[in-house]
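So the structure is just underneath, and the comments pick up after that.
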Amino acid sequence: MLRLLAKTPHPAHHFNDIHIPQAAPLQVSHLSYQVQQQTLVDDISFALKHGELCVVLGPNGAGKSSLLKLISGEIGLAGHNIRLFGQPRDIWPDGLLAQHLAILPQHSQLSFAFSALEVAQLGGLSLPVSQDKIRRIAEQNMQATDVLHLAQRAYPSLSGGEKQRVHLARVLTQLSNANNHGLLILDEPTSALDLAQQHKVLQLCQRLCQQGITVLMVLHDLNLAAQYADRILLLKSGQLRVDSAPTEALTTENIEQIYQYSAKVMAHPELGYPIVMSESNH
Amino acid sequence: MMRAISLLLISLVFSSTALANNKIVSAGATITEIIYALGAQQQLVGTDVTSNKWHNGTLPDVGYHRALTVEGLLSLTPDLLIASKEAGPDTTLQLLQQAGVQITIVSSGNRIEDLKQRINEIAQQTGKEEQASNLNNKVDALANQLQQQTPAKAQQQKAIFLLLREGSPASLAGKDTPADAIINLMGATNPAATTISSYKPASAEALLAMAPDVILVSHRTLKALGSVEALLAAHPMLAATPAGQAKRVFSIAGTSLIGELGISSLHEALRLNNQVYGN
Amino acid sequence: MLIVRYQPRHIFVPTGLLLLAAAVGSIFIGPLPISIQQAIKALLNQEVAPHVSLVMQQVRVPRMLLCLAIGAILALSGTVMQGLFRNPLADPGIIGVSGGAALGAALAIVIFAPLAEFYPLLLTLGTVPVFAFFGGSLVTFLVYQLGSNQHGTSVAIMLLAGVAISALAGAALGLLNFYADEQALRDLALWSMGSMAGATWPNIALAWGTFITLFVCFRQDANKLNAFLLGEPEARHMGIQVEVLKRRLILLCAAGVGICVSLCGMIGFVGLIIPHLGRMLVGPNHTLLLPLSALLGGLLLLIADTVSRVIVAPAELPVGIITALAGAPFFITLLFQQRGKI
Chain A
1 MLRLLAKTPH PAHHFNDIHI PQAAPLQVSH LSYQVQQQTL VDDISFALKH
51 GELCVVLGPN GAGKSSLLKL ISGEIGLAGH NIRLFGQPRD IWPDGLLAQH
101 LAILPQHSQL SFAFSALEVA QLGGLSLPVS QDKIRRIAEQ NMQATDVLHL
151 AQRAYPSLSG GEKQRVHLAR VLTQLSNANN HGLLILDEPT SALDLAQQHK
201 VLQLCQRLCQ QGITVLMVLH DLNLAAQYAD RILLLKSGQL RVDSAPTEAL
251 TTENIEQIYQ YSAKVMAHPE LGYPIVMSES NH
Chain B
283 MMRAISLLLI SLVFSSTALA NNKIVSAGAT ITEIIYALGA QQQLVGTDVT
333 SNKWHNGTLP DVGYHRALTV EGLLSLTPDL LIASKEAGPD TTLQLLQQAG
383 VQITIVSSGN RIEDLKQRIN EIAQQTGKEE QASNLNNKVD ALANQLQQQT
433 PAKAQQQKAI FLLLREGSPA SLAGKDTPAD AIINLMGATN PAATTISSYK
483 PASAEALLAM APDVILVSHR TLKALGSVEA LLAAHPMLAA TPAGQAKRVF
533 SIAGTSLIGE LGISSLHEAL RLNNQVYGN
Chain C
562 MLIVRYQPRH IFVPTGLLLL AAAVGSIFIG PLPISIQQAI KALLNQEVAP
612 HVSLVMQQVR VPRMLLCLAI GAILALSGTV MQGLFRNPLA DPGIIGVSGG
662 AALGAALAIV IFAPLAEFYP LLLTLGTVPV FAFFGGSLVT FLVYQLGSNQ
712 HGTSVAIMLL AGVAISALAG AALGLLNFYA DEQALRDLAL WSMGSMAGAT
762 WPNIALAWGT FITLFVCFRQ DANKLNAFLL GEPEARHMGI QVEVLKRRLI
812 LLCAAGVGIC VSLCGMIGFV GLIIPHLGRM LVGPNHTLLL PLSALLGGLL
862 LLIADTVSRV IVAPAELPVG IITALAGAPF FITLLFQQRG KI
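Protein chains in written order, with the numbering used here: chain A, 1 to 282; chain B, 283 to 561; chain C, 562 to 903.
So this is what it looks like as structure tokens:
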């Protein structure tokens, strides 16, 4: 009851202009979060550059999910520690924020028999455009995520990977009005996907970054991160330990320190990005 | 011309015998009983659900007397609805009146005078005044006989009436019930009447504390269990009362218990009086 | 599984026509035999026998209008509640909202009964619906809090909460019954089975006012309700003020159910069956589902009420018995389908 009656903070009146030139899509400064004396996020600061593909890595319990939830506003009150496109997160009006910040959750529960296209169209909820236009945008995005052929299928009957790509089309639809001011957050988007699909999704993210969208995602697979990320954040015990390009971030020492596991790192023979292998039988 | 005359004749016939040729719906078992006792049953076109016993389903049933429906009643094209004061809902009664159905609400109460008042009221509506005075004489005679057979206060037995249903606690009849009226008329006292009204669930302890000399149940209850012994075996707490130990359990006809005090209630009271006091 | 969506007008036009036919049928069918010519004359206020014009104008037409509004309110509330709970088994009756509303209404009846002689109108139009509304909203909040977590709502907990609250309401009603006399007890029992017999013009005005208010409000939230089906966090990320939306919809549903309960007693299963039927026809999109539910709800209650009027004529069966006879097997079928998910 208390939760339901709690007032939602959304003071829109301080909000000025979002198109501040050169303002970082996401700026996190001295962000901390505690639950029952346990520090889940410990004084994290970083800023994302326009069009950057940034991957957050770290062992289980490092605080990756908490960080994402703080940014998406699901937990905590960020105060002015989180700024999106130059404006403190908390003063963004809800409807406008949704056009610039989209989140793809790890799992989505939807038991009602929407068609896949209808789910993708749901992303257009906050867009100031007609239903027909939203439908066209959704279809384009389904094409991009390789699920247009499933448009008329019942969503609950799709496989985990198909569902995930339909939702990806949905959040892309949500950002279609962002005009280069879009931030897409993905929480382990590849967990339900097969090898080819994993690469397709990350390639799509790369393309989005080229189109001016900034992407922040949590991954578990170090090699996928190494191959596609512009930048890697390594988290441990709620702290940001490493923040740099893949080649500098994914070193044997860093992996040993963060994961307490000895791995061998080689450079890809042609493309040069690091490849992480397990040091077997040690 | 012929038609005009015949119409005139018909209307004359109707106006002169209007009272005797009513189409009546009776909403209440007690009312139906009196209509039958007065010999006015030819005028009935329908009754409520509690009156079924009197006509064995040969008349249409208009449902529960608290939930009468306008159209259901009107479909029987009655001129008169005779009802107890509980009948309703009010909106239905108002609409029936608007549709030209006369509504008579008979007096309520569980005393002999109330019963006689009801007989007179119903007789007036059905044009059976003569039969009514006969019936009232019979009621008076019954009442007198009961009065004579009532022992002095000190010798009166304590009697209770119980509604026994499988799987639910026994309901005890308090004041303002026909059962209580029958207990008083038969020359007994109802120890439950001082504390409760209507029917209320009674605990085993409360029953023991009342120490009834006589336990009354409905015919149906006794018939279902077979015998007084079986009834006492099925309800051990009753067996422990003075009435149970002496096996003084008697039954009352259900029809005399529904609604308010009726003619059959008097007959039942007299029968029970004879049984209890051995006249 | 391919989804075939019919053109909305291919669904709405036949449903509308069916509703019209049922509405017209219901005023020509009844225990009192009235010829069609007579009935039309009575409707046009031409000269007919007084009892015919009374039955047409004060019984059949008002009842038809009340059925349409009450059926629509129950169906709309059911649809919204299923969306809100993200669960196709949520029904105001099953999760205890009707029970809470009934308890509120019964409390009002008992508390204000001594005043009834002085303020009969106030009693029917004022206190009973208000108490029913408070009872209903309290239960909805309670069940929602008990049954929901970050993954949505748990059917099992929700149903159990409904059982618990219905039991509580039943116990409280029982207590009221104990102090009520035999007549009031029978009245409460009849009322709890539902009846459309209270079709007076003030009641019809209240029902239609409620229906129109609910429909307008729900329509504005239809798209948000669609997004809500994805889950609360997702809806929030899509720019919806989830708490505000939730609170508004719960209060509106409770108001609708509360007013239905206070006007017609407990009529179960309309809010369960109709949204399902609607989803089979137009899919879960609330912009289409809500108006269709309103039409289908009116249709179902109209048919049920017509049956209740004629089946044991001249007596009348409580309409709640008929909707329950149709709805309970449906509910059991749904439970079978949901077995794995509970």
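The beta carbon of each residue, even a glycine, is placed where N, CA and C say it ideally should be.
- Leaving aside the five residues that flank Val242 (chain A) on each side, the residues in its chain whose CB is nearer than 6 Å to its CB run, in chain order, Leu234, Ala249 and Asn254.
- It is roughly 11 Å from the alpha-carbon of Ser72 (chain A) to the alpha-carbon of Asp187 (chain A).
- Cβ contact annotation for Val609 (chain C) (same chain, cutoff 7 Å, sequence separation greater than five): Gln599, Lys602 and Ala603, in chain order.
- When Cβ-Cβ separations below 9 Å define contact, Gly536 (chain B) makes no contact with chain C.
- Per DSSP, Ile232 (chain A) is one residue of the beta strand (DSSP E) stretching across Arg231 to Lys236.
- In the DSSP assignment, Phe443 (chain B) is bridged to B:Leu498.
- Annotation for Pro575 (chain C): the continuous alpha helix (DSSP H) segment containing it runs Pro569 to Phe589.
- Taking the C-beta atoms as reference points, Met492 (chain B) is found nearer than 9 Å to Lys440 (chain B).
- Close CB contacts of Val265 (chain A) within its chain, under the 8 Å cut and outside five residues either way in sequence, are with Leu250, Thr251, Thr252, Ile255, Pro274, Ile275, Val276 and Met277 (chain order).
- In this structure, the straight-line span from the alpha carbon of Ser357 (chain B) to that of Pro594 (chain C) is close to 7 Å.
- Against chain C, the CB of Val119 (chain A) has a partner CB under 9 Å away; the residue lies at that interface.
- Asp343 (chain B) sits buried, since 16 or more C-beta atoms from the chains shown fall within 10 Å of its C-beta.
- In the three-state reduction of the DSSP assignment, His80 (chain A) falls in the coil class, being assigned neither a helical nor a strand state.
- Residue environment for Asp194 (chain A): exposed (fewer than 16 other C-beta atoms within 10 angstroms of its C-beta).
- Between the region 881-888 of chain C and the region 824-832 of chain C there are three or more C-beta pairs closer than 8 Å, enough to call the two in contact.
- Remark: C-beta atoms of Thr247 (chain A) and Leu224 (chain A) do not approach each other more closely than 9 Å.
- Beta-bridge partners of Phe46 (chain A) (DSSP): A:Val28.
- Among the residues of chain B, those whose CB is under 7 Å from the CB of Pro611 (chain C) are Ala381 and Gly382, following chain order.
- The criterion of a C-beta distance shorter than 9 Å is satisfied by Ser159 (chain A) and Ala192 (chain A).
- Closer than 9 Å to the CB of Glu315 (chain B) there is not a single CB belonging to chain C.
- In the three-state scheme derived from DSSP, where H, G and I count as helix and E and B as strand, Tyr481 (chain B) is classed as strand.
- Taking a Cβ-Cβ threshold of 8 Å, the residues of chain C close to Ser108 (chain A) are Leu791, Gly792 and Glu795, in chain order.
- DSSP, read as helix, strand or coil, puts Thr867 (chain C) in helix.
- Under the DSSP assignment, Phe112 (chain A) falls outside any alpha helix (DSSP H); it carries neither an H nor an E label.
- Residues of the region 86-107 of chain A with a Cβ closer than 7 Å to any Cβ of chain C, in chain order: Asp94, Gly95, Leu97, Ala98, Ala102, Ile103 and Pro105.
- For Leu895 (chain C), no Cβ of chain B is located within less than 9 Å of the residue's own Cβ.
- At a cut-off of 9 Å between C-beta atoms, Glu487 (chain B) does not count as an interface residue with respect to chain C.
- Remark: C-beta atoms of Leu664 (chain C) and Ala725 (chain C) do not approach each other more closely than 9 Å.
- In terms of Cβ geometry, Arg624 (chain C) and Ala760 (chain C) form a close pair [threshold 9 Å].
- With contacts defined by Cβ atoms closer than 9 Å, Ala169 (chain A) and Thr145 (chain A) form a contacting pair.
- By the beta-carbon neighbour count (other beta carbons within 10 angstroms, threshold 16), Leu67 (chain A) is buried.
- Residues of the region 321-336 of chain B with a Cβ closer than 8 Å to any Cβ of chain C, in chain order: Gly328 and Val331.
- The contact set of Asp343 (chain B) on chain C, defined by CB atoms closer than 7 Å, consists of Ala876 in chain order.
- According to the DSSP secondary-structure assignment, Gly328 (chain B) is paired through a beta bridge with B:Val307.
- The residue from C:Phe702, C:Leu578, C:Arg840 and C:Lys785 with its alpha-carbon nearest to that of Gly124 (chain A) is C:Lys785.
- When 8 Å is used as the limit between beta carbons, Thr761 (chain C) is near these residues of chain B: Thr373, in chain order.
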